[in-house]
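In UniProt numbering, the protein residues as written are 1 to 373. C-beta: ideal position from N, C-alpha, C; glycine also. Structure first, commentary second.
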């Protein structure tokens, strides 16, 4: 029922990949679900710092997560969701900033947390000898639905393949945060960006590079920084023929919040919430790793047309282009009517490929969620 909570009778899904990543996007551990849909990371080193758990994005629609966090101490007897100890943990009570219980509407108590929507990642802090539980909700795409277009921009520091067309991200290659990714239409499938702004030729979007801000304030020349790219040098951010523009996720820009902890005072100053330290103990909070992006909506007729943003990305052919300072890369993308995130991707030579690239892109989603009120 797409509520992020496993109800009686909802079956587990086998062969779903589950990763634990470091915050820069490199992979620390990976496993897959068994025939019952269950998985386990039996040995996780207590780094006393945040990691990011991730579920498979290539199949099925994400519907949310339910987490149970170990509070430490004596393990109470398990009693379903009335006491979801699983015989392994002491459930952490979920509280708001004022100490009031945050009741999970699916259980009637505050011993678990459910987050709904397209949730693919969760920030995790784990102490040694403790157990955290994350149950990921998935379901098949309905008629006419697809998973949009998503990916990771990452440093391609290694290439094991003789032919770079067959290269894929290695687990030690980190993602790159705050990289602009522009999506263009190619409805005639000729490998050339469709002219949507009416200037008679393909027009690339201006680039708002880190530290960002120009894209959010496009009519303000003062928002443009020396690191940005203004193709016609008019000081205004021009989306060109793009139908959508995004920037890759950044851990630093979406730090976990709402941690259940007593903050210590060090040298007369209270430490930051959710800080990297053993005192943060065990937590599971909304969070992302560096480098992920997703397109799940677009502007019919192009962003420059003034049309309203439309949810959902129709099946068709698109060209994606990302840049990292002086590097950019084009991709020819054709999502299918029932495609999950990352499917039906092929690369094709395009006039938009005008720089050699120091990065590669593989497709996934890692969109963050705002901190609960």
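Nearest-angstrom Cα separation, counted from residue j out to residue i
{"i": "residue 291", "j": "residue 269", "result": "33 Å"}
{"i": "residue 148", "j": "residue 264", "result": "44 Å"}
{"i": "residue 30", "j": "residue 246", "result": "28 Å"}
{"i": "residue 326", "j": "residue 261", "result": "Legend: pLDDT at residue 326 = 35, less than 50; position of this residue unreliable, value from coordinates given subsequently. Answer to the nearest angstrom: the Cα atoms are 43 Å apart."}
{"i": "residue 192", "j": "residue 301", "result": "16 Å"}
{"i": "residue 234", "j": "residue 201", "result": "19 Å"}
{"i": "residue 110", "j": "residue 226", "result": "49 Å"}
{"i": "residue 199", "j": "residue 289", "result": "38 Å"}
{"i": "residue 56", "j": "residue 224", "result": "37 Å"}
{"i": "residue 319", "j": "residue 123", "result": "31 Å"}
{"i": "residue 72", "j": "residue 255", "result": "24 Å"}
{"i": "residue 108", "j": "residue 314", "result": "39 Å"}
{"i": "residue 209", "j": "residue 287", "result": "22 Å"}
{"i": "residue 274", "j": "residue 259", "result": "6 Å"}
{"i": "residue 50", "j": "residue 174", "result": "16 Å"}
{"i": "residue 117", "j": "residue 165", "result": "33 Å"}
{"i": "residue 125", "j": "residue 276", "result": "8 Å"}
{"i": "residue 67", "j": "residue 153", "result": "28 Å"}
{"i": "residue 52", "j": "residue 171", "result": "14 Å"}
{"i": "residue 169", "j": "residue 28", "result": "14 Å"}
{"i": "residue 143", "j": "residue 307", "result": "26 Å"}
Proximal residues to residue i (C-beta, below 6 Å), its chain only, five neighbours per side dropped
{"i": "residue 127", "result": "46, 281 and 282"}
{"i": "residue 213", "result": "223"}
{"i": "residue 167", "result": "159 and 161"}
{"i": "residue 136", "result": "55 and 65"}
Endpoints, the beta strand (DSSP E) within which residue i is located
{"i": "residue 30", "result": "27–32"}
{"i": "residue 18", "result": "17–21"}
{"i": "residue 283", "result": "283–285"}
{"i": "residue 107", "result": "From DSSP, residue 107 is part of no beta strand (DSSP E); its letter is neither H nor E."}
{"i": "residue 125", "result": "121–125"}
{"i": "residue 293", "result": "292–295"}
{"i": "residue 139", "result": "133–139"}
{"i": "residue 75", "result": "Where residue 75 is concerned, there is no enclosing beta strand (DSSP E), given that its DSSP letter is neither H nor E."}
{"i": "residue 184", "result": "180–185"}
{"i": "residue 14", "result": "Taken as a continuous stretch (DSSP letters only), residue 14 belongs to no beta strand (DSSP E), as it is neither H nor E."}
{"i": "residue 244", "result": "242–247"}
{"i": "residue 229", "result": "Neither: residue 229 is in no beta strand (DSSP E) and is coded neither H nor E."}
{"i": "residue 113", "result": "113–116"}
{"i": "residue 374", "result": "Because the chain in this structure spans residues 1 to 373, residue 374 falls outside the shown range and cannot be described."}
{"i": "residue 68", "result": "61–68"}
{"i": "residue 55", "result": "51–55"}
{"i": "residue 151", "result": "149–155"}
beta-carbon residue i near the ligand HEM non-hydrogen atom, thresh 6 Å
{"i": "residue 95", "result": "Looking at this structure, you won't find the ligand HEM or any other ligand, since it has none at all."}
Nearest-angstrom beta carbon gap, residue j and residue i [assumed within contact, 8 Å]
{"i": "residue 120", "j": "residue 54", "result": "6 Å"}
{"i": "residue 205", "j": "residue 238", "result": "7 Å"}
{"i": "residue 5", "j": "residue 98", "result": "About 25 Å separates the two Cβ atoms, so there is no contact after all."}
{"i": "residue 89", "j": "residue 158", "result": "Not quite, the Cβ-Cβ distance comes to about 38 Å (not below 8 Å), so this is no contact."}
{"i": "residue 196", "j": "residue 244", "result": "So it is not a contact: roughly 12 Å between Cβ atoms."}
{"i": "residue 312", "j": "residue 296", "result": "7 Å"}
Status (buried if at least 16 other CB within 10 Å, exposed otherwise) for residue i
{"i": "residue 82", "result": "exposed"}
{"i": "residue 94", "result": "buried"}
{"i": "residue 35", "result": "exposed"}
{"i": "residue 2", "result": "exposed"}
{"i": "residue 19", "result": "buried"}
{"i": "residue 23", "result": "buried"}
{"i": "residue 278", "result": "exposed"}
{"i": "residue 298", "result": "buried"}
{"i": "residue 112", "result": "buried"}
{"i": "residue 309", "result": "exposed"}
{"i": "residue 65", "result": "buried"}
{"i": "residue 219", "result": "exposed"}
{"i": "residue 187", "result": "exposed"}
{"i": "residue 25", "result": "buried"}
Chain-order list of residues whose beta-carbon lies under 7 Å from that of residue i (same chain, five-residue window excluded)
{"i": "residue 86", "result": "78 and 133"}
{"i": "residue 14", "result": "33, 34, 35 and 37"}
{"i": "residue 70", "result": "89, 90, 92, 130, 131, 132 and 282"}
{"i": "residue 103", "result": "109 and 110"}
{"i": "residue 17", "result": "30, 32 and 56"}
{"i": "residue 221", "result": "235 and 236"}
{"i": "residue 115", "result": "4, 64, 65, 286 and 369"}
{"i": "residue 232", "result": "238"}
{"i": "residue 242", "result": "182, 183, 184, 205, 302 and 303"}
{"i": "residue 250", "result": "177, 178 and 290"}
Spatial neighbours of residue i in its chain, beta-carbon cut-off 8 Å, leaving aside the 5 residues before and after
{"i": "residue 11", "result": "37"}
{"i": "residue 229", "result": "206, 207, 209 and 323"}
{"i": "residue 253", "result": "177 and 178"}
{"i": "residue 215", "result": "180, 208, 237, 245 and 247"}
{"i": "residue 194", "result": "184, 185, 186, 187, 188, 202 and 241"}
Min CB distance residue i to chain C below 7 Å
{"i": "residue 165", "result": "Chain labels in this structure do not include chain C; a single protein chain is all it has."}
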